[in-house]
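Structure first, then comments.
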Ligand SMILES: Cc1ncc(COP(=O)(O)O)c(C=O)c1O
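So, in structure tokens, the structure goes:
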């Protein structure tokens, strides 16, 4: 497997932006500019007492000489180090999460290639990509991911499904998939990228959950090394930077020049003019950590292995990734995602996650009807015994979790308008019965499994209404985007 650091030439222990910020903060500066706290303890006493003075000192205005202004400045150098670490031609530092990266990508794809053609996209895309589609006017052709009907979760797109989508849309101008999934399932990015390139189109991978990929031989390969052209990276998730900091990378591939030019413009369209220096410095430090931190990542993997072994040995629990090979879209899994089927405890995953938080001070990432997902940060082995002891205390003798029906997803309704046209049309709110046959102005996704059942511009069918309403009656079931908890009112195009 190609490790990112196999081709690093620069000194990745360096953190030029974070160091320059540190030096800047240490200077005796009279600040007559923003941020308005002016790094003065006496002007913002509570803020200073709450965060400590160091945070105020490091929180500086943008465009400072020696920091982020001028040719070859430390911020530019930090971005170049990041580009090298991920094997990218170009990297952008973002301060509004991978959500910003997804909006940038949707806006960029709108300007790439023939504007009358569609973009192929995984239907279970994160809401930020759908928001980007609404903003950009992009016309998507959806590819359904594989669904694990037993656990009620969606995985990724299989190469077979991708090939079918290409065949049905031979003039598509770009493609967008997600890997890894929330549950750590990794798609066959190499196979899909080869098909996309054979068609002459770029492949974007939303790798929000796989920032650490490629930085240790026992984690999956970085999607850019597998042929992806654009990589969305939520660095704060498994890269350890501060919340809301993220990166977007473009590969040194066949579409690099065109994509870099377009993304530069769309980056400006979406980024604040006052980027947080704290977030930027955290990206610089997290990149250095990942690029030089194989030993820490190894300890985290070991911890994940230990947790998986304890779960396997437990009579009432099982590890989801142990069954991944049965799914045609899954080419691997991330060892730092530990997805656990907890239904044997007699409770739903949602209940287990809540009780872990409220009664044991143990936080897990997400829950579904029968699973919880534990995420192991790349720098830190977890206290496996504490987690297992907490799970043990949650075992019920008489199960409370009602058995869930098998998932039988309704087919999406006919797409009548683009998501943008529908979203910005005049709309009215009507009762469910009246909504049938009308065009939705909203996105509605039943959880589980979280694949949007209705996109703006699609016709609402009777089958979909029945499915959404049924979902709301199930334990832990809800409809994201619904106007009412029971999904009995819908916003439709007037
Ligand atoms: C697949 C995927 N992409 C993008 C995002 C958005 O990431 P962020 O929270 O960094 O904005 C998420 C968030 O959970 C996600 O799951």
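Residue numbers (the working numbering): 661 to 1154. Glycine is no exception: its CB is placed at the ideal position from the N, C-alpha and C atoms. Nothing here was measured: the structure is a model prediction, and the numbers come from that model.
| request: With a floor of 4 residues, list each alpha helix (DSSP H) that falls wholly inside the segment 986-1036, ordered by position along the chain. | output: 1009-1020
| query | Closest to residue 940 by CA distance: which of 769, 1097, 678 and 1153 is it? | reply | Looking up residue 940 in the chain shown gives position 280. Checking every option, the nearest Cα to that of residue 940 belongs to 678.
| Can you round the beta-carbon distance between residue 993 and residue 865 to whole angstroms, since I take them to be within the 8 Å contact cut? | In the chain shown, counting from the first residue as 1, residue 993 sits at position 333. In the chain shown, counting from the first residue as 1, residue 865 sits at position 205. In fact, because the Cβ distance is near 16 Å, the residues do not count as touching under 8 Å.
| said: Tell me whether the segment 874-893 and the segment 746-757 touch, counting them as touching only if at least three CB pairs, one residue from each stretch, are closer than 8 Å. | reply: Contact between the segment 874-893 and the segment 746-757 is present: 3 or more CB-CB pairs across the two stretches fall below 8 Å.
| request: Name the two residues that bound the continuous alpha helix (DSSP H) containing residue 1130. | output: Residue numbering aside, residue 1130 sits at position 470 when the chain shown is read from its first letter. Annotation: the continuous alpha helix (DSSP H) that includes residue 1130 extends over 1122-1132.
| task | Have a look at 948, 1139, 911 and 717 and flag the residue whose alpha-carbon is nearest the alpha-carbon of residue 901. | result | Counting from one through the chain shown, the residue named residue 901 turns up at place 241. Of the listed residues, the one whose Cα sits closest to residue 901 is 948.
| message | With three or more beta-carbon pairs closer than 8 Å as the criterion, would you say the segment 1042-1050 touches the segment 967-979? | response | At 8 Å Cβ cutoff, the stretches touch.
| query | Under 7 Å, do residue 915 and residue 862 count as touching if we go by C-beta distance? | reply | For the purposes of this step, residue 915 is identified with residue 255 of the chain shown, where counting begins at 1. For the purposes of this step, residue 862 is identified with residue 202 of the chain shown, where counting begins at 1. For residue 915 and residue 862, yes; Cβs fall inside 7 Å.
| query | Can you tell which of 906, 765, 1011 and 869 has the C-alpha that lies nearest to the C-alpha of residue 791? | reply | Here the question's residue 791 lines up with position 131 in the chain shown. Of the candidates 906, 765, 1011 and 869, the one whose C-alpha sits nearest the C-alpha of residue 791 is 765.
| query | By how many angstroms is the C-alpha of residue 1044 removed from the C-alpha of residue 996? | reply | Here residue 996 refers to the residue found at position 336 of the chain shown. Here residue 1044 refers to the residue found at position 384 of the chain shown. So the two alpha carbons sit approximately 13 Å from each other.
| message | Suppose the cutoff is 8 Å on Cβ atoms and the five residues either side in sequence are ignored; what does the same chain contact list for residue 978 look like? | response | Stepping through the chain shown from its first residue, residue 978 is reached at position 318. Excluding residues up to 5 positions away in sequence, 971, 972, 1000, 1001 and 1004 lie with their Cβ nearer than 8 Å to the Cβ of residue 978 in the same chain.
| query | How big is the Cα-Cα spacing for residue 1080 and residue 686? | reply | Walking along the chain shown from the start, residue 1080 turns up at place 420. Walking along the chain shown from the start, residue 686 turns up at place 26. Rounded to whole angstroms, residue 1080 to residue 686 spans 48 Å at the Cα level.
| query | Straight-line CA distance for residue 918 to residue 821? | reply | Within the chain shown, residue 918 is the residue found at index 258, counting from 1. Within the chain shown, residue 821 is the residue found at index 161, counting from 1. Each residue's alpha carbon lies about 28 Å from the other.
| task | Pull up the distance between the alpha-carbon of residue 715 and that of residue 787, whole angstroms please. | result | By one-based count along the chain shown, residue 715 stands at place 55. By one-based count along the chain shown, residue 787 stands at place 127. Looking at the two C-alpha atoms, the distance is approximately 32 Å.
| Sequence-distant residues of its chain with Cβ nearer than 7 Å to residue 1191 (five each side left out) | The structure shown does not extend to residue 1191, since the chain spans only 661 to 1154, so no value can be given for it.
| task | State yes or no: is the C-beta of residue 657 nearer than 6 Å to some heavy atom of ligand 1? | result | In this structure the chain extends from 661 to 1154, so residue 657 is not present and cannot be described.
| Taking the C-alpha atoms as reference points, what is the distance between residue 723 and residue 837? | Looking up residue 723 in the chain shown gives position 63. Looking up residue 837 in the chain shown gives position 177. Between residue 723 and residue 837, the C-alpha separation is close to 35 Å.
| field | Pick from 711, 1112 and 1089 that is closest to residue 1144, judged by C-alpha positions | value | Position 484 of the chain shown holds residue 1144. Taking the Cα of residue 1144 as reference, the smallest distance to any Cα among 711, 1112 and 1089 is reached at 1089.
| task | Find the nearest neighbour of residue 728 within the set 718, 840, 937 and 804, judged by alpha-carbon distance. | result | Your numbering for residue 728 matches position 68 in the chain shown. The candidate whose alpha carbon is nearest that of residue 728 is 937.
| request: Mark residue 673 as exposed unless 16 or more other C-beta atoms lie within 10 angstroms of its C-beta, in which case mark it buried. | output: For the purposes of this step, residue 673 is identified with residue 13 of the chain shown, where counting begins at 1. It is exposed - the Cβ of residue 673 has fewer than 16 other Cβ atoms within 10 Å.
| request: Assign residue 897 to buried or exposed, taking buried as 16 or more other Cβ atoms, counted over all protein chains shown, within 10 Å of its Cβ. | output: Position 237 of the chain shown, counted from the start, is the residue given in the question as residue 897. Residue 897 is classed as buried because its beta carbon has at least 16 other beta carbons within 10 Å across all chains shown.
| Is there at least one non-hydrogen atom of ligand 1 closer than 6 Å to the beta-carbon of residue 1026? | Along the chain shown, one-based indexing puts residue 1026 at 366. Not under cutoff, so the answer is no.
| field | 8 Å CB neighbourhood of residue 1077 in its chain, flanking five on each side removed | value | Along the chain shown, read from residue 1 onward, the residue named residue 1077 stands at position 417. Only 1085, 1099, 1116, 1117 and 1153 meet the Cβ criterion.
| task | Taking 8 Å as the threshold, find out whether the segment 737-747 comes into contact with the segment 876-889 through three or more Cβ pairs. | result | yes
| field | Within the segment 925-952, ranges of the alpha helix (DSSP H) (whole runs, at least 4 residues) | value | As for any alpha helix (DSSP H) of minimum length 4 sitting wholly inside the segment 925-952, the runs are 937-952, ordered along the chain.
| query | Between the Cα of residue 869 and the Cα atoms of 907, 853, 730 and 860, which residue gives the shortest distance? | reply | Start at 1 with the first residue of the chain shown, and residue 869 comes out as number 209. Closest option to residue 869, Cα to Cα, is 907.
| request: Identify whether residue 734 lies in helix, strand or coil by the three-state DSSP scheme. | output: Locating residue 734 in the chain shown gives position 74, counting from the first residue. Correct three-state label for residue 734: helix.
| task | Count the other C-beta atoms from every protein chain shown that fall within 10 angstroms of the C-beta of residue 811, then say buried if there are 16 or more, exposed otherwise. | result | As a working mapping, residue 811 is identified with position 151 in the chain shown. So residue 811 ends up on the buried side.
| query | How would you label residue 964, buried or exposed, when you count the other beta carbons within 10 angstroms and need 16 or more for buried? | reply | Along the chain shown, one-based indexing puts residue 964 at 304. By the neighbour-count rule (16 or more Cβ atoms within 10 Å), residue 964 is buried.
| query | Going along the chain, which residues of its own chain have a beta-carbon closer than 7 Å to the beta-carbon of residue 922, five neighbours each way excluded? | reply | Taking the chain shown and counting its residues from 1, one reaches residue 922 at position 262. Result list for residue 922: 768, 771 and 772, in chain order.
| Exposed or buried, residue 855, counting other C-beta atoms within 10 Å across all chains shown (16 or more means buried)? | Walking along the chain shown from the start, residue 855 turns up at place 195. So residue 855 ends up on the buried side.
| query | Who are the near neighbours of residue 1123 in its chain, counting only those whose CB is closer than 6 Å to its CB and skipping five residues on each side? | reply | Here residue 1123 corresponds to residue number 463 of the chain shown, with the count starting at 1. The residues are 1070.
| request: Identify the continuous alpha helix (DSSP H) that holds residue 1071 and give its terminal residues. | output: In the chain shown, the residue the question calls residue 1071 occupies position 411. Boundaries for residue 1071: no alpha helix (DSSP H) harbours it, and the DSSP string shows neither H nor E there.
| Beta carbon of residue 841 nearer than 7 Å to that of residue 872 | The residue given as residue 841 occupies position 181 in the chain shown. The residue given as residue 872 occupies position 212 in the chain shown. No, Cβ-Cβ distance for residue 841 and residue 872 is not below 7 Å.
| field | Cutoff 7 Å; reference residue 823; Cβ partners in own chain excluding five residues on either side | value | On the chain shown, position 163 is the one that residue 823 refers to. Leaving aside the five residues that flank residue 823 on each side, the residues in its chain whose CB is nearer than 7 Å to its CB run, in chain order, 855.
| field | residue 713, enclosing alpha helix (DSSP H) - first and last residue | value | Taking the first residue of the chain shown as 1, we reach residue 713 at position 53. 713-718 is the extent of the alpha helix (DSSP H) around residue 713.
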